[in-house]
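Chains as they are written, first to last, in this note's numbering: chain A, 480 to 703; chain B, 159 to 225; chain C, 1345 to 1570. Everything below concerns the one structure shown next.
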Amino acid sequence: MRDKILFVFGVVAMGILAWNVNAIARLPEETQQGVTFKIIFFHVPMWMCATMAATVALLASVGFLVTKNFKFDAAAVASTEVGLAFTTIGLVTGSIWGRQIWGIWWTWDARLTSALVCWILYAGYLMLRKAIEEPTQRATFAAVFSIFAFIDVPIVVFSIKWWRTQHPQPVFWSGGSFPPDWTHHLMWNMLAMLLLGIVMTAVRLRQEEAQREIDSLRRMAHAL
Amino acid sequence: MDLTAPLFLAQIVSDEVRLQHEYEYLSYGLTAAWVILAVYVLLMVSRERKLKNEIGRLRAMLEDRRK
Amino acid sequence: MGFFHAALVIMMKDLRAELRTKEAINASFAFALVILLLFSFAFDPEADTTKALSGGLLWIVFAFAGTLVLNRSFARELPNDCLDALVAAPISGAALFLGKALANFVLVMAMELVSLPVFGIFYNVHWANQLGELLMVLALGTWALTVIGTIFSALTVNIRLREVMLPMLTYPILVPALMAAMQLTMQLVSGNAIGPETVTWLKMLIGFDVAYTAVSLFLVETVLVG
């Protein structure tokens, strides 16, 4: 049942993306940026999904610390890893856009810097997990670190408000200048990426469960 | 009149070149996005296979030892 | 024993232990001197650029040299199982953490206050123009450094690859605070007071301190026991 739902989610996501790519390709060019601006239809949803993944990781980490239930720990790893993949895509697409529009791959403004820091922190989270053997200790320490790392996320989100950054202002809140039908396409892409993220997180979650099964089988093998 | 026509043409050609250039970067961006996603999915698939093999191996071993 | 009394006792214990050997503070100050020396080869110390670089330079020195103090904070308790005794002691984990953080704060701050004049002499910078505000920024930045350093020292004390993991985890987390402290220090060393342009950084530094201190005090019990 779970497999079927995930499969349907994946197919729906791919369907929306395929239809939407076609629609986006037909959109007119933006006056100053030409067609390069169309990267935004992937860049922004990726970052929104990454933010959501970080939020889920935070909630799961808090859940683990409160209940000591390893399901929460598995959820935290799964969503952190998928979020890290999305963050990587967000950084790379943003960088390619910057190469065309700014003429440089990277600039150290508050948005880009804090986003990179976020990436490093969540990569550090995965490294920290690798460095600890004992499962309970690993889950506890990783959850604590995840809570610490999350404090950077609001800084990333609000950095464009707090400082004058080279990164463009948001398209939605505070006077975004995005035409409604473009927003419409952005939203559809957003939904598709979200579904994709859910599918990947669920698959990763199941792998984490399989890993725990392996651990218990190993213990049984030792006991025999 | 005759003088402006080639200029106009040149303008069109340069516009064409510029736009193609921009398509280039758009395609880089989209390719990069999908390649990263595909790499991640492939990593996940390979891990899935590894985990399945490991579970199978351990189950077989436990069966053996029980006998 | 009240919470703050307990924290004070832990702080005095740590300071007394440190003053007896002086190993962490000596190592830290020597390291700061070496980095200050090395930076003089990286760029021309006579040039006007020194002032523009001063914030970044100083905080890199403080962060690297401070880590030597912070690293030892919990690792020092490992021989003779002192850490287990401390955790089992009838005081809350938060008080233990606060005491250790305060002791580290004093040590790191001492290292910074000695390195600052040395920096001024070596690089010919009149750093005392805005002394009051500079000291405030120094204290806020150092508190950020010590809170993060102390909690991660507790977190990594028992894991393998401790020496690798600690900088891997602490420096990225510290980036917002270090960025703010660097910008503010650069302005203050150049003789400008904190104005409307730079006050965002000050707010950010204070926010960082408050947020991480609260989270650390809340979570340290889990870290020490789990």
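Don't be surprised by glycine CBs; every beta carbon is placed ideally from N, CA and C.
Could you give the residue range of the alpha helix (DSSP H) that holds Leu1563/C?
Val1543 to Val1569
Just the Cα atoms here: how many angstroms apart are Thr1529/C and Arg691/A?
50 Å
Given Met159/B, which residues of its chain have a CB within under 8 Å of its CB, disregarding the five upstream and five downstream residues?
At Met159/B, the pLDDT of 46 sits below 50, so the modelled position is not reliable and the matter cannot be decided from this model.
Can you look up Ala557/A in the DSSP assignment and give me helix, strand or coil?
helix
Looking at Ala191/B: is its Cβ nearer than 9 Å to the Cβ of Thr572/A?
yes
In the DSSP assignment, find the unbroken alpha helix (DSSP H) run with Glu1367/C in it and report its ends.
Glu1367 to Ala1386
Beta-carbon neighbours of Arg223/B, restricted to chain A and to distances below 8 Å:
Ala700 and Leu703
Check each candidate in Ser1384/C, Trp1403/C, Arg1416/C and Ala1351/C and name the one with the smallest Cα separation from Lys1366/C.
Arg1416/C
Taking 9 Å as the cut-off, decide whether the C-beta atoms of Trp667/A and Leu506/A are in contact.
no
Applying a beta-carbon distance threshold of less than 9 Å, which residues of chain F neighbour Ile693/A?
Of the chains in the structure shown, none is chain F; the protein chains are A, B and C.
For Phe1387/C, is the classification buried or exposed, using 16 other Cβ atoms within 10 angstroms of its Cβ as the cut-off for buried?
exposed
Against Ala196/B, what residues of chain A qualify as contacts under a CB-to-CB distance less than 8 Å, listed in chain order?
Within chain A, no residue comes near Ala196/B; the closest Cβ sits about 11 Å away, beyond 8 Å.
For Leu184/B, return the contacting residues in chain A, with the cut-off set at a CB-CB distance below 7 Å.
Val514, Thr515, Lys517 and Ile518
Using DSSP with H/G/I as helix, E/B as strand and the rest coil, what is Asn1473/C?
helix
Cα-Cα separation between Ala564/A and Arg683/A, rounded to whole angstroms:
12 Å
Hey, is Ile639/A's beta-carbon within less than 9 Å of any beta-carbon in chain C?
no
Do you know how far the Cα of Glu1456/C is from the Cα of Thr1393/C?
22 Å
Give the range of the alpha helix (DSSP H) segment to which Glu687/A is assigned.
Pro659 to Ala702
Would Thr559/A pass as a contact of Leu605/A if the rule is Cβ separation under 9 Å?
yes
Apart from the five residues just before and just after Gly1333/C, which ones in its own chain have a Cβ nearer than 8 Å to its Cβ?
Because residue 1333/C is not part of the residues shown, which for chain C are 1345 to 1570, the question remains open.
Quick check: the Cα distance between Leu537/A and Thr1490/C, rounded to an integer number of angstroms?
24 Å
Beta carbon of Leu1513/C, beta carbon of Thr1494/C: below 9 Å?
no
Tell whether a beta-carbon distance below 9 Å holds between Pro649/A and Ile639/A.
yes
For a cutoff of 9 Å on Cβ pairs, would you count Val1519/C as touching chain A?
yes
Using 9 Å as the limit for Cβ to Cβ distance, is Val487/A near chain C?
no
Please report how far the alpha carbon of Thr1557/C lies from the alpha carbon of Leu1446/C, in whole angstroms.
12 Å
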